[in-house]
Amino acid sequence: MVRIGYIVGSFAEDSVNRKLAEVLVDQAPERAELTEIDIRPLPLYDRHLDDDFPAEMTVFKEQASACDGLLLVSPEHNQSFPAPVKNAIDILTRPPRQGVLRGKPMGIAGASPSRFGTINSQTQLRSFLPLLGVKLMGTPLMAVQVTEDTFGDAGPDEQLATRAAKYMEALTTWVEQHS
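Rendered as structure tokens:
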């Protein structure tokens, strides 16, 4: 069984990224066990906390460390990823030489009503996560443009469900090969 922790980079309960995460979890292959690693309890990181990490930060890092790989489901705000995502990344890489991202396989996904989904924020994340030692999955991409039909009452539209299944198969294989 491959353990994949997923992080939803939005605090909103009705977030389209939380809905996307639910679809991805539902479409994961049976050999993958997905667990949410919740960013909502995290305080804002400051380097002065390195000497005395708050319990919420320590638990968050331990949960991520216990996983074989990670899935970051991030919104896009103003053409970039939001502050809670940066905060989570900072916490996972601190204190110096005690981070848990180095060597960790990861995939990135996101949803937005923008015509390009979350491609801008994903491009930014892809520019620096490998510099932190993350083994980032290149393809397939999962940048979803949300319409009124994307997350219907009867579930996700068929195209999204199919894309999600392919994405999760690829991510699970990526984690198996790189953890």
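Note that the numbering used here has the sequence shown beginning at 168, numbered continuously upward.
A virtual CB, placed ideally from N, CA and C, is assigned to each residue, including glycine.
Keep in mind the model is a prediction, meaning the values are calculated, not measured.
Asked: Check whether the stretch 176 to 196 and the stretch 217 to 237 are in contact - that is, three or more C-beta pairs closer than 8 Å.; Found: no
Asked: What residue range is occupied by the uninterrupted alpha helix (DSSP H) comprising R185?; Found: 183 to 193
Asked: Can you give me the C-alpha to C-alpha distance between E343 and P297, rounded to a whole angstrom?; Found: 18 Å
Asked: Could you tell me which of G266, Y334, I174, L338 sits nearest to V252, measuring between CA atoms?; Found: I174
Asked: Could you tell me if E243 is buried or exposed, where buried requires 16 or more neighbouring beta carbons within 10 angstroms of its beta carbon?; Found: buried
Asked: Label L292 either buried or exposed according to how many other C-beta atoms from any shown protein chain fall within 10 Å of its C-beta, with 16 as the threshold for buried.; Found: buried
Asked: Okay, do the stretch 206 to 217 and the stretch 257 to 266 touch, 3+ Cβ pairs below 8 Å being the bar?; Found: yes
Asked: Could you tell me the boundaries of the alpha helix (DSSP H) in which I206 lies?; Found: It is not in any alpha helix (DSSP H) - I206 carries neither H nor E in the DSSP assignment.
Asked: Relative to the C-alpha of P280, which residue among Y212, E336, T290, V311 is closest?; Found: V311
Asked: Given a threshold of 16 other Cβ atoms within 10 Å of its Cβ, counted over all protein chains shown, does L164 qualify as buried or as exposed?; Found: One cannot answer for residue 164 here, as it falls past the ends of the chain, which runs 168 to 346.
Asked: How would you call G270, buried or exposed, if buried means at least 16 neighbouring beta carbons within 10 angstroms?; Found: exposed
Asked: Do you know how far the Cα of F220 is from the Cα of A321?; Found: 43 Å
Asked: Looking only at its chain, what residues have a beta carbon closer than 6 Å to the beta carbon of L239, apart from the 5 residues adjacent to it on each side?; Found: I174, I275
Asked: At what residues does the alpha helix (DSSP H) containing M224 begin and finish?; Found: 222 to 232
Asked: Cutting at 6 Å between CB atoms, please list the residues of its own chain near P272, excluding the five before and the five after it.; Found: G236, K302, W341, V342, H345, S346
Asked: So, helix, strand or coil for K253, using DSSP?; Found: helix
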